[in-house]
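Take a look at the structure below.
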Amino acid sequence: MHRVIEEINDSNAWRDGEFAKFKVNALEVEDGLWFRMCVPMIYAHWEGYVSSSLKILIEHLNKLNLTPSDIPSKLVVIGLGDTYKTLSGKQSFEQRIKFTNTFKELFEKVIKFNKKIDTKSNLRSNVLEELCTMFDFDFSKFKHCTSVIDRLVNVRNSIAHGENSFVITADNIQLYIDNVNTAMDLFLNEINNFLSEEKYLLNKNI
1 MHRVIEEIND SNAWRDGEFA KFKVNALEVE DGLWFRMCVP MIYAHWEGYV
51 SSSLKILIEH LNKLNLTPSD IPSKLVVIGL GDTYKTLSGK QSFEQRIKFT
101 NTFKELFEKV IKFNKKIDTK SNLRSNVLEE LCTMFDFDFS KFKHCTSVID
151 RLVNVRNSIA HGENSFVITA DNIQLYIDNV NTAMDLFLNE INNFLSEEKY
201 LLNKNI
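If you read the sequence shown in UniProt numbering, its first letter stands for residue 1, the second for the next number, and so on.
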């Protein structure tokens with residue numbers, strides 16, 4: 001097992017204990033209130049897992065001292081990030097020269113990836129697909145659980161905005177937890193494939 005996978009597992013092991021607590025209303029809070037309280041927490045674990053896992057992966061990539069010429073274009077775009085903002089709007093010829101020179105310099109340097117993961121605070125299927133595309137993960141593997149996760153995000157947003165009309169049951173909570181756990185396992189497996197297959201390299205070591 002790659003040490004990155006071990007680190008991800010270690011840093012997220014506590015989440016299983018939290019999920020178990022959501023299933024048991026030990027404080028005997030009124031069921032409707034308890035289940036509404038659980039929904040934002042389940043979502044927080046989903047977003048937190050994806051964010052923390054990608055941060056650990058990016059920390060590993062940053063230690064490899066990769067250059068833009070070493071990696072696929074998708075990763076170059078991630079690594080150069082805000083550099084592309086200077087392309088927005090109308091530019092003079094001199095500004096385009098300046099950008100080109102800056103870009104050429106960056107292409108010769110070791111690339112450092114920003115560890116900030118943009119989940120848009122709504123990690124539903126379209127955002128997950130975008131993250132998968134960025135790192136060449138197979139989004140199709142998540143298709144059977146994304147509809148439930150989208151429902152989780154929608155209910156969480158409604159609760160956050162003060163809506164009280166949803167009737168949430170123990171079965172709903174179990175369904176959300178099961179699908180989030182499945183998606184988390186799939187996400188870890190995609191990271192493992194990314195590392196084992198060296199998808200971060202143009203010329204892989206075979």
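Glycine included, C-beta positions come from ideal geometry on N, C-alpha and C. None of these values were measured; they are calculated from a predicted model.
Would the beta-carbon of GLU47 fall within 7 Å of that of LEU152?
Counting from one through the sequence shown, the residue named residue 47 turns up at place 47. Counting from one through the sequence shown, the residue named residue 152 turns up at place 152. Judged by beta-carbon spacing, LEU152 lies beyond the 7 Å limit of GLU47, meaning their Cβ atoms are not closer than that value.
Three-state secondary structure (DSSP) of ASP138
Working through the sequence shown from its first residue, we reach residue 138 at position 138. Here ASP138 sits in coil by DSSP.
Burial state of HIS45 (16 or more Cβ within 10 Å):
What you label residue 45 is simply residue 45 of the sequence shown in a count that begins at 1. Flag for HIS45 reads buried.
Short of 6 Å in beta carbon distance, which residues of its chain neighbour GLY79, apart from the five on each side in sequence? Order them along the chain.
Within the sequence shown, residue 79 is the residue found at index 79, counting from 1. Around GLY79: ILE111 and PHE113.
Between ILE5 and ILE159, which are expected to be in contact by the criterion C-beta below 8 Å, what is the C-beta distance as a whole number of angstroms?
What you label residue 5 is simply residue 5 of the sequence shown in a count that begins at 1. What you label residue 159 is simply residue 159 of the sequence shown in a count that begins at 1. About 33 Å; that fails the 8 Å criterion.
DSSP state of TYR200, grouped into three classes?
As a position in the sequence shown, residue 200 is number 200, starting the count at 1. In this structure, TYR200 counts as coil in the three-state DSSP scheme.
Just to confirm, is the Cβ distance from VAL50 to ARG156 under 7 Å?
By 1-based counting over the sequence shown, the position of residue 50 is 50. By 1-based counting over the sequence shown, the position of residue 156 is 156. No, the Cβ-Cβ distance between VAL50 and ARG156 is not below 7 Å.
Beta-carbon within less than 7 Å of THR179's beta-carbon, same chain only, minus the 5 sequence neighbours each way: which residues are those?
In the sequence shown, the residue the question calls residue 179 occupies position 179. First, the amino acid is wrong: residue 179 is Asn here, not Thr. Excluding positions up to five away in sequence, the list reads CYS145, VAL148 and ILE149.
Please work out which residues of its chain come closer than 6 Å, Cβ to Cβ, to LYS115, disregarding the five sequence neighbours upstream and downstream, and give them in chain order.
The residue given as residue 115 occupies position 115 in the sequence shown. LYS55 and ILE58, listed in sequence order.
Is the separation between the beta-carbon of ILE173 and that of PHE35 shorter than 7 Å?
Residue 173 sits at position 173 when you count from the first residue of the sequence shown. Residue 35 sits at position 35 when you count from the first residue of the sequence shown. Closer than 7 Å, so yes.
Which value, in whole angstroms, describes the spacing of the CA atoms of residue 268 and ILE97?
The first residue shown for the chain is 1 and the last is 206, placing residue 268 beyond what the model contains.
How long is the line joining the alpha carbons of ASP171 and GLY81, rounded to whole angstroms?
Taking the first residue of the sequence shown as position 1, residue 171 is located at position 171. Taking the first residue of the sequence shown as position 1, residue 81 is located at position 81. Those two C-alpha atoms are separated by around 42 Å.
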